[in-house]
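Note sheet for the following structure.
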Amino acid sequence: MRTLVLADGDLGAISDATLRVVGAAAALGQPVDVLVFDAASASAAAQVSGVARVLSASAGDADTLAPETVAAQLQTLAPQYSTILAPHRARGRAALPRAAALTGGAFLADVIALREGAQFVRGLYAGSVIATVASATTCTFATVRPTSFAPADAQGGTAEIVALEALAPFARTRLIERRAAEQSGQDLGNARVVIAGGRGLASPDNMTRLGRLADSLGAALGASRAAVDAGYAPNAAQVGQTGRSVAPDVYVAFGISGAIQHLAGMKDSKFIVAVNKDADAPIFSVADVGLVGDLFDVVGALETRVGSPASNEESRA
Ligand SMILES: Cc1cc2nc3c(=O)[nH]c(=O)nc-3n(C[C@H](O)[C@H](O)[C@H](O)COP(=O)(O)OP(=O)(O)OC[C@H]3O[C@@H](n4cnc5c(N)ncnc54)[C@H](O)[C@@H]3O)c2cc1C
1 MRTLVLADGD LGAISDATLR VVGAAAALGQ PVDVLVFDAA SASAAAQVSG VARVLSASAG
61 DADTLAPETV AAQLQTLAPQ YSTILAPHRA RGRAALPRAA ALTGGAFLAD VIALREGAQF
121 VRGLYAGSVI ATVASATTCT FATVRPTSFA PADAQGGTAE IVALEALAPF ARTRLIERRA
181 AEQSGQDLGN ARVVIAGGRG LASPDNMTRL GRLADSLGAA LGASRAAVDA GYAPNAAQVG
241 QTGRSVAPDV YVAFGISGAI QHLAGMKDSK FIVAVNKDAD APIFSVADVG LVGDLFDVVG
301 ALETRVGSPA SNEESRA
């Protein structure tokens, strides 16, 4: 049997998340195929190291693809595959459970490790319990947490491209508009350094100040849910169980207590620095370096070291 990876990302490109799922799929020890929905992505996918075949599907406008259409395509392919994987992101999260329901297969979400013998490791209760689940269905569908795996090399592959028969797009719903969330600075998902702020920031202005510091350091700005709920930071900045999962080289948490739901999204970071005035804050249990003190003292000291954020603003203007 084979493993299929459902690609996601911008048209014409293979996302870093998809490369990581291809990297994850290698652990299953079977040939790995990739399914794409636009011809331009097919040639990018064919160059990915470790990919045996690229299945190039067409089902109307690739930019307005409905999850039901993707699920119908997966249903036609499922008999050839023991495992169908996708990044744990919008496309896979919407399409794979539907495909599992259509085929009577099992669906597992947010898998963090894969083992031979159809064993899938995933966190429960925001990562406080790690479960290893064996699937007994002929085809298992699983979304995979990209940050838990190293990416496959985007170059070096010579996969065959197979054009699939065109599929009628799902017609009962129609995507009218897609609007990207406003984002400034570095992309949180790809940043090597993330500077994150929590409720301890105490105001939107202070979060903006932290954002300028992040900018000066070439880092992305993250936030706790409490900070997002309080209106200090946009939804797109939220890190955690119900936000983004990140695993940068360095994660710096300012005024974040370290609730389990926040840790679920950042504890895989390679080096964690926490600044909190409460020495008992749970964030210190995952921190490589912990600073007990007022975050504004530390932010001020860093601003002095990297140059005043105000002057950086002026220099950008
Ligand atoms: C189903 C569910 C899903 C959730 N998903 C998420 C999620 O995805 N992401 C997430 O983050 N949370 C999530 N939460 C919420 C989570 O439980 C916490 O409420 C939240 O993470 C707390 O955010 P915080 O640490 O910023 O705030 P708090 O817990 O209020 O902590 C603020 C911290 O700032 C410190 N502080 C205050 N002032 C200063 C100062 N001047 N200097 C230094 N330190 C200071 C305090 O000591 C404190 O530790 C979820 C909750 C539920 C129930």
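Quick note: the sequence shown uses my numbering, first residue 1, plus one each step. Every residue gets a Cβ at the ideal spot worked out from N, C-alpha and C, and that includes glycine.
Within the model, the alpha-carbon separation for Leu124 versus Lys277 is close to 30 Å.
Comparing C-alpha distances from Leu77 to each of Arg2, Leu295, Ser148 and Ala168 shows the shortest one belongs to Arg2. Here the distance from the Cβ of Ser224 to the nearest heavy atom of ligand 1 is below 7 Å. With a cut-off of 7 Å, the C-beta of Gly117 is classified as distant from ligand 1, since no heavy atom of the ligand falls inside that distance. Listed in chain order, the non-local C-beta contacts of Ala154 below 8 Å within the same chain comprise Ile14, Leu19, Ala44, Gln47, Val48 and Ser49, local neighbours out to five positions each way being set aside. If you check the CB distance, Thr140 and Ala118 come in under 8 Å. Put simply, the segment 198–209 does not touch the segment 66–85. Fewer than three CB pairs are less than 8 Å apart. When secondary structure is reduced to three states using DSSP, Asp297 falls in the helix class. A straight line joining the alpha-carbon of Asp205 with that of Asn235 spans about 16 Å. Here Val250 has Val193 and Phe271 as same chain residues with Cβ atoms under 6 Å from its own Cβ, once five neighbours each way along the sequence are excluded.
CA-to-CA, the gap between Gly60 and Val36 works out to about 13 Å.
Spatial neighbours of Asp63 in its own chain (CB-CB distance under 7 Å, excluding positions within 5 residues in sequence) are listed in chain order as Leu11. Relative to ligand 1, the beta carbon of Leu108 is positioned no closer than 7 Å to any heavy atom.
Secondary structure of Val22 (DSSP, three-state): helix. Its Cα nearest to that of Ala247, the residue Asn190 stands out among Asn190, Asp288 and Leu210.
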